[in-house]
Amino acid sequence: MAKKEKPKHLGRGLQSLLRPIISESSQISPFANESQNESNFPPDKELDDSLKQLPIDSISPNPYQARTVWNEQELEELTESIKANGIIQPIVVRPAGRGYQLIAGERRFRAAKRASLTSLPALVRQASDEQLHEWSLVENIHRVDLNPIERAKAYRDYLSTFSLTQAEAAERLGEGRSVIANYLRLLDLPQEIKQMLAENQLSMGHARAILALPTDDLRRKLANRAMAGRLSVREVERLVRRYLAGTSQTTVAPRTKSPHILDLEKKLAGQLGTKVSIDTRKNGQRGRIVIEFYSLDEFDGMMERLGLVCEEDV
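The working numbering numbers the first residue of the sequence shown as 49 and each following residue consecutively.
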């Protein structure tokens, strides 16, 4: 029996897209001298041909970069590292006009400019606009330090750009569909709460709990309370459950009874001489009849009309 082929997806980042990749053992070799470059493995000609030292002014940023918030401290640390050690891992670019356009490695590119480098190593790849957009999104989606709103926007752009369903995108990215759905829901939050998420003042767990509230006004109030009081995710979930439980008890609207049930109530009330209520369940297949009485004498009279005799009378 033929083995079922697993569905293909984009994997966990750009490594599966931008081949040949630089292995751990070969990261230093492009910059080493000939004596250091000797090994038991033949050199990767495509890698050697695509690795270039490019003027930094010839490189423009990626127009599809999803990241909007850059950690200044981390960027400064990377700048100091580059000043001391240079660029260890090349960036990835594509030819664009008379220069090049970034595909991956914008943090290194920014830090290199801060370090006043005039050139930096780069792998040059041919890529269409569609591939550039897709690769950029894939790289950003799989970065662990993207804030939740940046990641949500990356998913949204990925779906809209390539006209994918959430299930199709999940398969291509190797993600769970529920993961994509949960991030996309964050974009329904008020702008103030999205800013809190972008600045890591609230977590993904806080946001998912707050989304259960019915109005943006309530969501803002709870978000501000959670941020000011440093409430845990569990505490926020508990507050949301308490609110929803309270509203469900006080705002349940009475169900409208059908004309047929109302007619039966009227007939029974006429026969028994008291108020009768019929409540149905399970699409009318189950229910209860409530017959009210206001004195023991009235109760005895209803029992007689129903053809029932109390044991005391026997």
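Built from N, CA and C at the ideal position, the CB exists for glycine as well.
Residue i by DSSP, collapsed to three states: which one?
i, result
"A170", "strand"
"P143", "strand"
"I136", "coil"
"Y370", "Residue numbering for the chain in the displayed model covers 49 to 362; residue 370 lies beyond these limits and cannot be assessed."
"Q149", "strand"
"P103", "strand"
"T328", "strand"
"S98", "helix"
"N85", "Bear in mind that the predicted position of N85 carries a pLDDT of just 41, short of 50, making it too unreliable to give a figure here."
"Q75", "Residue confidence is low: Q75 scores 37 on pLDDT, short of 50, so the model does not pin down where it sits. Its coordinate-derived value is still stated next. Q75: coil per DSSP, three-state reduction."
"S251", "coil"
"Q63", "Annotation note: pLDDT 48 at Q63 (below 50); position unreliable, coordinate value reported separately. Residue state, collapsed to three classes: helix."
"N272", "helix"
"A257", "helix"
"A317", "helix"
"Q113", "coil"
"W183", "helix"
"P262", "coil"
"R372", "A question about residue 372 goes unanswered here, because the residues of the chain that appear run from 49 up to 362."
"A163", "coil"
"F157", "helix"
"A175", "coil"
"R278", "coil"
"V300", "Any answer about V300 is weak, because its pLDDT of 45 lies below 50 and its placement is not dependable; what the coordinates show is given next. Three-state DSSP puts V300 in coil, outside helix and strand."
"L354", "coil"
"T213", "coil"
"L46", "Within the shown structure, residues of the chain are numbered from 49 to 362, placing residue 46 beyond reach of any answer."
Shortest alpha-carbon distance to residue i belongs to which of the options?
i, options, result
"N110", "L312, I135 and Q179", "Q179"
"D363", "E125, Y112, K131 and L150", "What is shown of the chain runs 49 to 362, which leaves residue 363 out entirely."
"R329", "T209, Q113 and K305", "K305"
"L221", "Y203, N230 and L237", "Y203"
"Y112", "E120, E154, W118 and N119", "E154"
"M252", "L266, A132, D311 and A229", "A229"
"F157", "I135, R173, R146 and L259", "I135"
"N133", "W118, L292, L165 and L316", "L165"
"G145", "Q174, W183 and V338", "Q174"
DSSP beta-bridge partners for residue i?
i, result
"D236", "Looking at the DSSP assignment, D236 forms no beta bridge with any residue, so it has no partner."
"R334", "R329"
"S108", "Q149"
"I309", "None, per the DSSP bridge assignment."
"I339", "V324"
Determine whether the beta carbon atoms of residue i and residue j lie at a separation below 8 Å.
i, j, result
"L270", "V284", "yes"
"A152", "E125", "no"
"I326", "G318", "no"
"H169", "P143", "This sequence places Pro at residue 169; His is not what is there. Their beta carbons are not under 8 Å apart, which means P169 does not touch P143 by this criterion."
"A255", "L237", "yes"
"S167", "L102", "yes"
"L171", "S98", "yes"
"R267", "I241", "yes"
"L320", "R353", "yes"
"V141", "I197", "no"
"R162", "T127", "yes"
"R115", "L194", "yes"
Measure how close the beta-carbons of residue i and residue j come, nearest whole angstrom, since I'm counting them as under 8 Å.
i, j, result
"E340", "K314", "Their Cβ separation, rounded to whole angstroms, is 14 Å, which puts E340 and K314 out of contact at 8 Å."
"L250", "A200", "With a Cβ gap of about 13 Å, L250 and A200 do not count as contacting."
"L245", "L234", "7 Å"
"A160", "L123", "Not really, about 11 Å apart at Cβ, beyond 8 Å."
"Q243", "R225", "Not confirmed; about 27 Å, so no contact."
Of all the CB atoms in chain D, is at least one closer than 8 Å to the CB of residue i?
i, result
"A260", "Structure shown: chain D not included; a single protein chain is present."
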